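*Asks:* Quick note on numbering: our numbering labels position 27 of the sequence shown as 991, and the sequence is numbered without any gaps. Think of the CB as a built atom: it goes at the ideal place given N, C-alpha and C, for glycine as much as any other residue. Because the structure is a prediction, the values reported are computed rather than measured.
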Amino acid sequence: DRSQYGEAYWHRSHQLPSSELCPEHECRLLSTSVPYRTDTIRRVLIPAEHAIRLTPCTPASFPHHLRPLLLDMAKEAAWLLNQPVTPSDQMALWHRYIALLADRNLATYNGRVRERTFLNAFAQRVHPELLSLLKCPGTKPQASSPLLRLIRPPKRPEHPLHHFLLRHFLDVPIHIF
């Protein structure tokens, strides 16, 4: 940023929850103590250059074997941010998930998911260290589990991170999904 624009600046893709790597440079992101929100101040604009001088930055810490997956996640998030904004159809997402699960014999095409079998397969494919790093709930078969809510008829939107994990489990890149 400094060589191209003369200063460092905040990147949208770096501000997303669970972002650990820069999708462009493939390097670890640095954490700062700059608050993005406070109880008393609603809008605070702190230039990145100023924050870098004020705050000792520390590299993100994660197990090396998770790097490829975290990089995929960062690149998919950056790709999504650069797409035209269109409203998401929760039912269309659900139908797509059901079809992909049915292709893997984890659901029927009419929408009945074999939840226990699905959770066991998910636990075998998605590393528990990744779930811990991303601060995601595990694969406990609770009615309120975000993962199970994604494979049930939708009642409300779910966090994009949970969609990423389900797509990762299904091995479907975002641009194809």
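Apply the 10 Å Cβ neighbour rule to A1071 and answer buried if 16 or more other Cβ atoms are within range, or exposed otherwise.
*Replies:* buried
*Asks:* For S1096 versus A1038, is the C-beta distance shorter than 8 Å?
*Replies:* In terms of Cβ geometry, S1096 and A1038 do not form a close pair [threshold 8 Å].
*Asks:* Mapping the DSSP letters down to three states, classify S1052 as helix, strand or coil.
*Replies:* coil
*Asks:* Does the pairing of the stretch 1072 to 1089 with the stretch 1041 to 1048 give three or more beta-carbon distances under 8 Å?
*Replies:* no
*Asks:* Would you identify the three-state DSSP class for A1038, choosing helix, strand or coil?
*Replies:* helix
*Asks:* Given a cut-off of 8 Å on the beta-carbon distance, is the pair L1111 and L1130 in contact?
*Replies:* yes
*Asks:* For D965, which residues in the same chain have their Cβ closer than 7 Å to its Cβ, ignoring the five residues on either side in sequence?
*Replies:* E971, A972, Y973
*Asks:* Determine the closest residue to H975 out of S967, R1068, C986, with distance taken between C-alpha atoms.
*Replies:* Closest by alpha carbon: C986.
*Asks:* Taking 8 Å as the limit between beta carbons, can you name the residues of its chain near P1117, skipping five residues before and five after?
*Replies:* Its chain contains M1055, W1058, G1075 as the residues whose beta carbon lies nearer than 8 Å to that of P1117, once the 5 sequence neighbours on both sides are disregarded; these appear in chain order.
*Asks:* Would you decide whether S983 is buried or exposed? Buried here means 16 or more other CB atoms lie within 10 Å of its CB.
*Replies:* buried
*Asks:* Would you kindly check if the distance between the Cβ of L1064 and the Cβ of L1134 is under 8 Å?
*Replies:* Yes.
*Asks:* Considering just the uninterrupted stretch of the alpha helix (DSSP H) at H1126, what are its terminal residues?
*Replies:* 1124 to 1134
*Asks:* In this structure, does DSSP put R966 in helix, strand or coil?
*Replies:* helix
*Asks:* According to DSSP, which residues form a beta bridge with A1071?
*Replies:* DSSP lists V1077 as partners of A1071.
*Asks:* Count the other C-beta atoms from every protein chain shown that fall within 10 angstroms of the C-beta of H989, then say buried if there are 16 or more, exposed otherwise.
*Replies:* exposed
*Asks:* Anyone know if the C-beta pair for L1034 and H1132 falls short of 8 Å?
*Replies:* At the C-beta level, L1034 and H1132 stay beyond 8 Å of one another.
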